[in-house]
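Okay, so here's the structure we're looking at.
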Amino acid sequence: MVSSSGRMPVERVGFVALIFAAVLYLSGGSGGTGGYASARQLDEVQLSLSGTNGAPFPGHILVTGGAGFIGSHATLRLLEDGYAVTIVDNYSRGNRGAIETLRKLAPRHKLRVVDGDLGVTKDLERAFGKHKVDAVIHFAAIAYVGESVSQPLAYYRNVTVNTVGLLEAMKRHDVRKLVYSSTCATYGNPDVLPITEKTPTVPINPYGKSKLYSEDAIRDYAVANKGKFILILVRAISMTLCFLTLCFLTDFDAAILRYFNVFGSDPRGRLGEFPRPELRAMGRISGACFDAALGNIPELVVMGTDFPTRDGTCVRDYVHVTDLVDAHLAVLGHVANPPVLYNVGTGKGVTVREFVNACKRVTGVDVNVREQRESRPGDYAEVFADVSKIRDELGWEARFTDLETSLGHAWAWRHAHKDGY
Ligand SMILES: NC(=O)c1ccc[n+]([C@@H]2O[C@H](COP(=O)([O-])OP(=O)(O)OC[C@H]3O[C@@H](n4cnc5c(N)ncnc54)[C@H](O)[C@@H]3O)[C@@H](O)[C@H]2O)c1
43 MVSSSGRMPV
53 ERVGFVALIF
63 AAVLYLSGGS
73 GGTGGYASAR
83 QLDEVQLSLS
93 GTNGAPFPGH
103 ILVTGGAGFI
113 GSHATLRLLE
123 DGYAVTIVDN
133 YSRGNRGAIE
143 TLRKLAPRHK
153 LRVVDGDLGV
163 TKDLERAFGK
173 HKVDAVIHFA
183 AIAYVGESVS
193 QPLAYYRNVT
203 VNTVGLLEAM
213 KRHDVRKLVY
223 SSTCATYGNP
233 DVLPITEKTP
243 TVPINPYGKS
253 KLYSEDAIRD
263 YAVANKGKFI
273 LILVRAISMT
283 LCFLTLCFLT
293 DFDAAILRYF
303 NVFGSDPRGR
313 LGEFPRPELR
323 AMGRISGACF
333 DAALGNIPEL
343 VVMGTDFPTR
353 DGTCVRDYVH
363 VTDLVDAHLA
373 VLGHVANPPV
383 LYNVGTGKGV
393 TVREFVNACK
403 RVTGVDVNVR
413 EQRESRPGDY
423 AEVFADVSKI
433 RDELGWEARF
443 TDLETSLGHA
453 WAWRHAHKDG
463 Y
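Note that the numbering used here numbers the sequence shown so that position 106 is 148, with each residue one more than the last.
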């Protein structure tokens with residue numbers, strides 16, 4: 043009842059506040075279906091680190107960059123497979139909407155999200171601090187070749203320095219498993235195709251170099267943290283009765299995945315790729331093609347028509363994000379010391395012109411294409427993967443190898459989310 047002054051009596055306000063707080067508490071964290079969760083609510087979720095419905099608990103994974111394109115898809119899959127996930131992301135590139143979608147899809151008490159920057163130690167402490175982390179999947183990075191040429195220091199800091207900071211935090215918290223997102227840009231412009239894991243790494247732009255230096259930091263840290271047997275003296279009952287016990291200090295184990303060009307989106311249409319409008323000029327070809335098809339940009343500019351390839355445009359190996367996520371799940375159980383290294387692609391090269399024509403067919407829009415002879419700074423002519431190592435050792439193979447089907451997944455999400463999340 044409202045009082046004669048038009049205000050609610052104090053005891054009624056207290057009661058309403060109590061009910062409101064109880065509702066917030068009950069719906070708090072993952073599994074809630076209500077409105078937009080605050081950063082604090084997402085951070086304070088108490089994770090349940092046990093299996094559900096009698097299933098064994100596979101583990102708690104820290105996903106860096108979980109608000110981004112690949113990180114959000116990987117998080118969804120981890121949650122579906124029973125993992126608990128903590129995401130840390132500073133939203134410099136990713137989408138809060140992707141987090142909101144994940145929150146709605148996540149089982150209760152299985153998703154926690156830390157709004158934090160990997161370059162800030164106290165943010166890393168918040169990410170690791172609350173619940174024991176079993177493994178880290180490190181996606182977070184800025185990742186545009188052209189941007190890396192004009193802002194190299196930003197790349198060395200964001201990609202390399204932050205990876206070192208992450209390793210230090212893993213050491214402080216005794217986390218010994220890492221899967222690292224690397225890139226085919228570490229190979230540069232190879233002389234021999236397809237690219238195997240033994241192809242020399244000669245990156246030609248700061249993005250590729252910053253990733254290679256991160257890989258090196260991971261490999262060197264692994265060398266310094268190889269598992270070993272040690273003898274320890276255990277005192278029993280009294281000082282006079284002691285035992286020598288042989289103990290094994292576990293390894294730091296890692297896997298490095300060098301992705302080729304990632305595209306597509308969740309085939310069930312729950313998540314997609316939505317680069318920020320301000321980043322689109324630097325962005326990837328599928329995003330640019332969809333923007334042209336939706337009328338967000340007047341034309342699609344193809345940069346570089348003078349490469350020594352079959353039609354003069356760059357050749358890339360386009361791997362579906364769902365396949366890439368499968369590769370992460372496969373490698374999680376095979377991290378090792380020294381770190382394992384795999385290419386993740388389809389093994390098939392597609393030219394930019396072929397890609398654009400497929401995009402036109404999928405969207406049904408005859409987008410305006412302007413071809414420019416001059417290429418993007420830092421771009422290489424032709425890359426596609428030899429994927430026999432990951433196939434033979436992990437049994438992983440790309441399933442989505444039909445370009446139009448994969449583009450169809452991405453277009454279905456983008457068409458249904460014209461303004462993004
Ligand atoms: N997309 C590709 O084709 C491709 C190819 C090869 C490698 N990769 C690698 O895969 C990873 C993920 O790429 P993506 O396409 O999902 O990119 P994305 O930009 O969609 O996602 C990256 C996420 O990292 C976050 N981030 C960046 N800097 C951060 C920081 N300092 N602290 C916390 N969060 C930070 C961003 O906000 C974003 O959400 C990157 O490491 C990238 O280099 C991507």
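Heads up, the beta-carbon is just placed ideally off N, CA and C, and yes, glycines get one too.
query, result
"Which same chain residues, not among the five before or five after H187, have their C-beta less than 6 Å away from its C-beta?", "Residue 187 is actually Val in this sequence, not His. Cβ neighbours of V187 beyond the five flanking positions: N247, Y249 and G420."
"Roughly how many angstroms separate the alpha carbons of C356 and G337, rounded to a whole number?", "25 Å"
"By Cβ distance, which residues of its chain are closer than 8 Å to G207, with the 5 residues on each side in sequence left out?", "L160, G161, T163 and L166"
"In angstroms with no decimal places, state the Cα-to-Cα distance between N385 and C331.", "26 Å"
"Assuming R154 and A79 make a contact with CB atoms under 8 Å, what is their CB distance in whole Å?", "So it is not a contact: roughly 11 Å between Cβ atoms."
"Among the candidates R352, L313 and H215, whose CA atom is the shortest distance from the CA of H115?", "L313"
"CB-CB under 8 Å to G499, same chain, minus the five flanking residues each way: which ones, in chain order?", "In the structure as shown, the chain starts at 43 and stops at 463, and residue 499 therefore has no counterpart that could be examined."
"Please find out if some non-hydrogen atom of ligand 3 comes closer than 8 Å to the beta-carbon of P149.", "In terms of ligand content, the structure shown lacks ligand 3 and carries ligand 1 instead."
"Would you check if the distance between the CB atom of V25 and the CB atom of R412 is smaller than 9 Å?", "This structure gives no information on residue 25, because the portion of the chain shown stretches from 43 to 463."
"Find out if the Cβ-Cβ distance for the pair Y125, D157 is shorter than 9 Å.", "no"
"Is the beta carbon of E189 closer than 9 Å to that of S224?", "no"
"Quick one: what's got a C-beta closer than 7 Å to A335's C-beta in the same chain, skipping five residues either side?", "T405, V407 and V409"
"Under 7 Å Cβ to Cβ from N294, same chain only, skipping five residues before and after it: list those, please.", "Residue 294 is actually Phe in this sequence, not Asn. Excluding sequence neighbours, F294 sits near R218, Y263, A264, N267 and N379."
"Closer than 8 Å to a non-hydrogen atom of ligand 1 - does that hold for the CB of P317?", "yes"
"Hey, how far is the Cα of R433 from the Cα of P149?", "32 Å"
"Can you grab the Cα-Cα spacing for the pair G70 / I141, in whole Å?", "With a pLDDT of 40 at G70, under the threshold of 50, the modelled position of this residue cannot be trusted; read the value that follows with caution. Using only the alpha carbons, I get a separation of about 14 Å."
"DSSP three-state call for A400: helix, strand or coil?", "helix"
"State the CB to CB distance for the pair L299 and H215, rounded to an integer number of angstroms; the pair is presumed to be in contact (CB under 8 Å).", "Contact flag wrong, Cβ pair sits at about 23 Å."
"Name the DSSP bridge partner or partners of L291?", "K270"
"CB of I112 to nearest heavy atom of ligand 1: below 8 Å?", "yes"
"Determine the DSSP secondary structure at A372, reduced to helix, strand or coil.", "helix"
"Pull up the distance between the alpha-carbon of I129 and that of P350, whole angstroms please.", "42 Å"
"Using CA coordinates, which residue listed in L84, H151 and G110 is at the minimum distance from S307?", "G110"
"In three-state terms, what does DSSP make of V187?", "helix"
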